Each structure stands twice: as C-alpha cells, then as structure tokens.
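Below is one structure, written out as structure tokens; comments come after it.
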Amino acid sequence: MNLLIAKSRVLKSIRDYFDKTGAFEVITDILQAFPNLDSNIYPVEVEVVNEKGEKLKKYLHTSPEIAMKKLLAKYK
427 MNLLIAKSRV
437 LKSIRDYFDK
447 TGAFEVITDI
457 LQAFPNLDSN
467 IYPVEVEVVN
477 EKGEKLKKYL
487 HTSPEIAMKK
497 LLAKYK
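Each residue of the sequence shown is one higher than the one before, starting from 427 at the first, in the numbering used here.
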C-alpha cells in the first residue's frame with residue numbers, strides 16, 4: 427500500500443507543477459484505425475465491436491505523439 431500512496435503523491439506533484447505553469451493534461455485515444463507504418467514497430471491488433479454489432483479491426487497506438495500533434499495543429 428505504501429508504494430501505491432508514494433506513486434499517487436509523485437503523480438500529484440507532477441500534475442501540480444504543470445498546473446502551476448499553465449499547462450494542461452490531455453488524454454488521447456488508445457486505438458487507431460490504421461497501424462503505425464514504422465517498420466521497426468509492430469502494432470498490436472485489436473478487434474472491437476461497435477454499437478451496431480459490427481466487428482472492426484483497430485490498433486493500439488504505439489505512441490500518443492501523433493494524436494498530440496493533431497491536437498496542437500487543430501487548436502494552435
């Protein structure tokens with residue numbers, strides 16, 4: 427339990443620091459419609475079922491960087 431409390435405090439300290447600087451946290455999607463095209467990274471394929479019951483092939487993102495760049499471009 428002490429480890430969980432310590433981790434929680436570290437994360438809170440980090441968030442408090444960035445909050446004081448005016449930064450804010452964003453949460454990006456974890457699934458992508460297309461895999462990463464980097465030949466050295468192997469994407470993890472996931473099958474999901476949408477609200478219509480259709481099975482769709484998605485991929486776990488290998489880095490949130492692309493989604494964050496899209497946010498920056500959209501809201502700069």
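Idealized CB from N, CA, C, for every residue including glycine.
Please read these numbers as outputs of a predicted model, since none were measured by experiment.
A contact is defined here as three or more CB-CB pairs under 8 angstroms, and the region 464-480 fails this definition with respect to the region 435-443.
For residue 443, the enclosing alpha helix (DSSP H) begins and ends at 428-446. Between residue 494 and residue 454, the C-beta gap is smaller than 8 angstroms, which places the two residues in contact.
Per DSSP, the beta-bridge partners of residue 457 are 486.
Going by beta carbons, residue 484 and residue 463 fall outside the 8 angstroms limit.
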